[in-house]
Every structure is written in C-alpha cells, then in structure tokens.
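Numbering (full-length UniProt numbering), first residue to last: 1 to 525.
Down below is the structure, laid out as structure tokens.
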C-alpha cells in the first residue's frame, strides 16, 4: 500500500502546553484509520495541523509523498484533504445541493448566475458514485442528522477530497445511523479514499478502523491493527493504567417513590412545544435512564424538572411534596442535586476558584452562611474535602475552575452535588467530554449514591452508559417517551429504532419492567 498522508515529527505548542509532541502518523491510502485518545490528548490539534487550521512548530506534513505547507484550510483542500467537523456547518433553509456547492457553484450566462440544475446534477452524480441516498432538492432543516452528515461528506468530495478527516462523527447519531456511516466508510475506501476519524469510543474504533493510533499527553503511544488488539489494551494505552470498562452493579432494590413528574409539557423560547405530556417516576435506590438523540426535548425536560425553566403544564413532586412552583434554590434545599449538561455554562463559574465554586447552590445555607455572613473557613474545608475524595487535580482549592481539565471540572461538580447528600439526583450527560478514567470514577459514584438509597435520573446520548447504569430505561423521541424498557432485555437495535421514532415489534410503549412498578409513560402518539 502507498501512504496517503504522513505527519512526520509534528510538534505543536500553545502557551504553557505542548499539544502535540513529536507525533509520527503515517496513514495508508484506501484505509480507515482511527485516532483514539482521551480529552486533551492532542487528537483534534493534530488533525487541525493536517487541515491547515494550525501550523506545526516542528515537523512535516507529507501528502502523496510530497511535503506540503498549509497556511489555510484552502491549501489543504487544494491538496485533497477534507475535514468534517463535529458540529456541522450547514445552512438549514438551503437545499442539499446548495449546501454542497456553496462557494464553488457551477455558473451560467458567462458567470453571472448560479446554474442550479448543474449543481443538482453534480450532487446526484456524487450520490450515485458513492452510493449515498441523499435527495439533492431536500432542505437541510427537513433531513435527519445522519443525512446531514452525508451532506458534509459530499461537500468534501465535491471539492476533490481524497483524504477525509471526521471529528467525533458518531456523537449525535443513532446506532442505525452509526452503522450506516461505517458502510459509507467502506464504500469510500473501496473507491480509494482514505478516512481518518477522531474518537474516544473503543468499540467503534475497533469495528470501523483498519488501524488505530492512540495519543496520550500529546504523544503517539502506539499504532496497532484493529483486528490485533482488545478494548482493554486500547484503554490501557489511552489512560496509562488498567481500566474497568464494564459497569459493575448490584441489582436495584427500589424503595418508595422519591420523585414524580405528571403531564409535563414544555415550550421553547420560540413558543414551540418540545416536551409533550411526559410523566415519569423515580424510586429510592434506582436509576431511571433517558436515552435519545440530542435535541428531542431532553434538555428542556431536565430544565423543567430542576427549576431552570417553567413548564407550560404539569405537576412535580419530591419526596411527596409538590415542588412545581419551587425555585431552583428551594429544590436544592428539598434534596435535589443536579449535574448539568454544560459544565461551563451551568455547572461552574470559570473565573471563580474551587472554594467559591464549591459554594454554588449552598451559599445561603449553614454551615457556610451564618447570620447573613459567609464562613470562608468552612467553605475552604468543603472544597478541600471534595478535591480529596474525588481526586480533583491539581489538588489546589485556590485554582480557578477554568484552569482545570474537563474531566477534573466534571469530578468537582459531581463531588459538590453529591456532598449535598441528595435524595434525588438529575445527571445530564455526566461524562460527556470526559476521559475513560474519569468516566469510570463518575459511574462508580452514581451507582454508589443509588446503593445508598437515592433516586437517580440519568440522561445520556451514550448508549453504553445509559444501558449500563440504568435499572429502567425510557427512550425519548420528539418530546415524548416512546417506551420504557428493561435495559438488560432490549437490544441496541431496538433502542436505536425507538430513538428514531419507530416502535419495533415486541416493544410495548406502556411496558413497565422490573424492578420498579413506577410509571414513566409519554402521551399517545
């Protein structure tokens, strides 16, 4: 095989950080190469060097055996490198064909006008060539996330890409869409294209890639054939120690109902109904999971449950008391803890130190507030206890929250919320953007809280996580619960269909699996 691209001795420095440290990465033409590593390992930085977004401080970029110097992404595109970012760069009201050709449209009448028919034909030809089922005349706002991703790939192919870089390409896809994407990989490589995809998901790297390169602390710590390694070996390369990959939990022993939502309906800022008559119940000592593709009402539902958004209708109760009208502060005082979706916007104040961040939500309560004054000595002891128990690094209570890595920020939030000794916890994407080691730790803490008798509502788009931790699993689509299932009995394919809005045979929308007999039903569809 010939080498499509070769990143030779790449070093990239930022103030105080060496993001890539003498990285060597050859990628063979016509293969799928996975770039695996924890958050902050240097994966995206390395690919941004290849795509011309960054210039390397040291090293060479070699494409088709020719050393290249990319000052801009345009230079990389001209050399046959295309990049599909995690957050799509599409114009929703425009058609597929308009998005694919945007900026490089075929012209007519001496260049005075866009030739829309020629643009449509070009996209149809690309779809036929690579086996993409994408309607050129459809508007982006009307197609699924999986189709939108294909449009991004078509954009790169239209501009002549031979090597495609995909950054966390499965983050917002259903299991079926993930499999469809990997079939696209096969079709592209069969026709000589080269794929590099960034991921932190071990199983997907092993399933889709020919070779896997693992980065740790900015260095290449190993490149292995995907069929000659194991998930355990890859995890150890990523973290530098042995990691427990499977969630180990004892059977749930649920007690009384601790939280219930009845007929919750929520509208967004535009007045559009995004949660429709949802009811759920969580009991002491159990985890109720909510699975679904992001954007199907999970965020708005959680905001309504935690007091961050007023629902249009519905009743909420915590430990038997009506908390529908309670403020966020009163819900905390009643025993509710919350691990938010966005740790930067909702979980921490980045410019505050950890002593100050440890007080958030408790600044009005003893022992931190006495006769209207804060006790900073108690606040410091509280922050230091969280740092010690949850292994937050660096172990410095005076450190600014913004100076910590994402994993350590998340561990501090988890520690602060669990230190409230809550009756009920809402955990929204508790390990999103968190490395394997921190994920393992956070999972252990959530299950430990469950085993001590708290109720947990877990919302996650990561199927492995939500299936592994949940005792019951509700699947949400388009603002409603499609079904509540036993995660040990339902298949990943069935969950994927539910996430896409289809109810497979054998899945009853009103089924209520053991060990709980509580309700968690959506409205009629």
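C-beta atoms are modelled at their ideal positions from N, C-alpha and C, and glycine is treated no differently.
What you are looking at is a predicted structure, and each value in this text was computed from that prediction instead of being measured.
Exercise for the section: State buried or exposed for residue 290, treating a residue as buried only when at least 16 other CB atoms are found within 10 Å of its CB. Expected result: For the purposes of this step, residue 290 is taken as the residue at position 290 of the chain shown. That one is buried.
Practice task
Could you tell me the distance, in whole angstroms, from the CA atom of residue 280 to the CA atom of residue 19?
Solution key: Here the question's residue 280 lines up with position 280 in the chain shown. Here the question's residue 19 lines up with position 19 in the chain shown. Straight-line Cα distance between these residues: approximately 45 Å.
Problem - In chain order, each alpha helix (DSSP H) run of at least 4 residues that lies wholly inside the stretch 4-81 - result: 43-50, 73-78
Problem - Residues bridged to residue 428 [DSSP beta-bridge criterion] - result: In the chain shown, counting from the first residue as 1, residue 428 sits at position 428. Per DSSP, 459.
Problem - Terminal residues of the beta strand (DSSP E) in which residue 273 lies - result: Residue numbering aside, residue 273 sits at position 273 when the chain shown is read from its first letter. It spans 273-283 - the beta strand (DSSP E) in which residue 273 sits, taken as one unbroken run.
Practice task
Please determine if the stretch 405-425 and the stretch 382-392 are in contact, where contact requires at least 3 C-beta pairs separated by less than 8 Å.
Solution key: yes
Exercise for the section: Return the CA-CA distance between residue 86 and residue 146, expressed in angstroms with no decimal places. Expected result: Counted from its first residue, the chain shown places residue 86 at position 86. Counted from its first residue, the chain shown places residue 146 at position 146. Roughly 12 Å separates the two Cα atoms.
Practice task
Decide if the stretch 419-428 is in contact with the stretch 334-344; the criterion is three or more beta carbon pairs, one per stretch, under 8 Å apart.
Solution key: yes
Practice task
Rounded to whole angstroms, what's the CA-CA distance from residue 215 to residue 29? Just pull it up for me.
Solution key: Within the chain shown, numbered from 1, the residue matching residue 215 stands at position 215. Within the chain shown, numbered from 1, the residue matching residue 29 stands at position 29. Each residue's Cα considered, the two are about 21 Å apart.
Handout entry: Spatial distance of residue 283 from residue 303 (CA atoms)
Key = Looking up residue 283 in the chain shown gives position 283. Looking up residue 303 in the chain shown gives position 303. Approximately 20 Å between the Cα atoms of the pair.
Practice task
Could you name the residues that DSSP lists as bridge partners for residue 113?
Solution key: For this step, residue 113 is matched to residue 113 along the chain shown. Bridge partners of residue 113: 108.
Problem - Beta-carbon proximity list for residue 295, same chain, < 6 Å, skipping 5 on both sides - result: Numbered from its first residue, the chain shown carries residue 295 at position 295. Cβ within range, chain order: n/a, list empty.
Handout entry: Touch test, the stretch 129-145 against the stretch 89-101, Cβ-Cβ under 8 Å, three pairs minimum
Key = yes
Handout entry: Euclidean distance between Cα positions of residue 344 and residue 396
Key = As a working note, residue 344 is residue 344 in the chain shown. As a working note, residue 396 is residue 396 in the chain shown. So the alpha carbons of these two residues sit roughly 19 Å apart.
Exercise for the section: Please report how far the alpha carbon of residue 42 lies from the alpha carbon of residue 113, in whole angstroms. Expected result: Position 42 of the chain shown, counted from the start, is the residue given in the question as residue 42. Position 113 of the chain shown, counted from the start, is the residue given in the question as residue 113. C-alpha separation (whole angstroms): 44 Å.
Exercise for the section: Using 7 Å as the cut-off, classify the Cβ of residue 316 as near or not near the heavy atoms of the ligand HEM, replying yes or no. Expected result: The ligand HEM is not among the ligands present in this structure, which contains no ligands whatsoever.
Exercise for the section: Alpha carbon to alpha carbon, how far is residue 10 from residue 57? Give it in angstroms, no decimals. Expected result: For the purposes of this step, residue 57 is taken as residue 57 along the chain shown, with counting starting at 1. For the purposes of this step, residue 10 is taken as residue 10 along the chain shown, with counting starting at 1. The alpha-carbon atoms of residue 57 and residue 10 are separated by roughly 7 Å.
Practice task
Starting from the C-beta of residue 358, find all residues in its chain whose C-beta is less than 7 Å away, skip the five residues before and the five after it, and write them out in chain order.
Solution key: Locating residue 358 in the chain shown gives position 358, where the first residue counts as 1. Taken in chain order, the residues that qualify are 379, 382, 383, 386, 416.
Exercise for the section: For residue 219, name the three-state secondary structure that DSSP assigns. Expected result: Taking the first residue of the chain shown as 1, we reach residue 219 at position 219. Three-state DSSP puts residue 219 in a strand.
Practice task
Please confirm whether residue 285 and residue 453 have their CB atoms less than 8 Å apart.
Solution key: Taking the first residue of the chain shown as 1, we reach residue 285 at position 285. Taking the first residue of the chain shown as 1, we reach residue 453 at position 453. Contact: yes.
Exercise for the section: Go ahead and pull the three-state DSSP assignment for residue 2. Expected result: Here residue 2 is taken as the residue at index 2 of the chain shown, counted from 1. If DSSP states are grouped into helix, strand and coil, residue 2 belongs with coil.
Problem - Among 49, 322, 77, the one whose alpha carbon lies nearest that of residue 12 - result: In the chain shown, the residue the question calls residue 12 occupies position 12. For residue 12, the nearest C-alpha among the options comes from 49.
Exercise for the section: Please list the segments of the beta strand (DSSP E) lying wholly inside the stretch 177-255, counting only runs of 3 or more residues, in order along the chain. Expected result: 194-199, 211-216, 219-225
Practice task
Pick helix, strand or coil for residue 85, following the three-state DSSP scheme.
Solution key: Residue mapping note: residue 85 aligns to position 85 of the chain shown, counting from 1. It is coil, neither helix nor strand.
Problem - Proximal residues to residue 76 (C-beta, below 6 Å), its chain only, five neighbours per side dropped - result: For the purposes of this step, residue 76 is taken as residue 76 along the chain shown, with counting starting at 1. Within the same chain, residue 76 has close Cβ partners 51, 52, 70.
Practice task
Indicate the three-state DSSP secondary structure (helix, strand or coil) for residue 132 in the structure shown.
Solution key: Stepping through the chain shown from its first residue, residue 132 is reached at position 132. Here residue 132 sits in coil by DSSP.
Problem - Complete alpha helix (DSSP H) runs within the stretch 291-347 (minimum length 4 residues, chain order) - result: 298-306, 328-333
Exercise for the section: Specify whether the stretch 430-437 and the stretch 227-243 touch according to this definition: at least 3 beta carbon pairs, one from each stretch, less than 8 Å apart. Expected result: yes
Exercise for the section: Specify the secondary structure class of residue 482 as computed by DSSP and reduced to three states. Expected result: Residue mapping note: residue 482 aligns to position 482 of the chain shown, counting from 1. Residue state, collapsed to three classes: strand.
Problem - Among 169, 3, 36, 181, nearest to residue 206 - alpha-carbon criterion - result: Residue 206 sits at position 206 when you count from the first residue of the chain shown. The shortest C-alpha separation from residue 206 is found at 36.
Handout entry: Assigned exposure category for residue 132 - 16 Cβ within 10 Å defines buried
Key = Within the chain shown, residue 132 is the residue found at index 132, counting from 1. Flag for residue 132 reads buried.
Exercise for the section: Could you please give the first and the last residue of the uninterrupted alpha helix (DSSP H) stretch that includes residue 444? Expected result: By one-based count along the chain shown, residue 444 stands at place 444. Taken as a continuous stretch (DSSP letters only), the alpha helix (DSSP H) holding residue 444 covers 436-451.
Exercise for the section: Under 7 Å Cβ to Cβ from residue 298, same chain only, skipping five residues before and after it: list those, please. Expected result: For the purposes of this step, residue 298 is taken as residue 298 along the chain shown, with counting starting at 1. Within the same chain, residue 298 has close Cβ partners 290, 292, 459, 476.
Exercise for the section: Just the C-alpha distance for residue 222 and residue 134, rounded to the nearest angstrom, thanks. Expected result: For this step, residue 222 is matched to residue 222 along the chain shown. For this step, residue 134 is matched to residue 134 along the chain shown. Their Cα atoms are separated by approximately 37 Å.
Problem - Reduced DSSP category for residue 97 - H, G, I as helix; E, B as strand; rest coil - result: Counting from 1 along the chain shown, the entry for residue 97 is found at position 97. In this structure, residue 97 counts as helix in the three-state DSSP scheme.
Handout entry: Length of the line joining the Cα atoms of residue 212 and residue 419
Key = Residue numbering aside, residue 212 sits at position 212 when the chain shown is read from its first letter. Residue numbering aside, residue 419 sits at position 419 when the chain shown is read from its first letter. Rounded to whole angstroms, residue 212 to residue 419 spans 40 Å at the Cα level.
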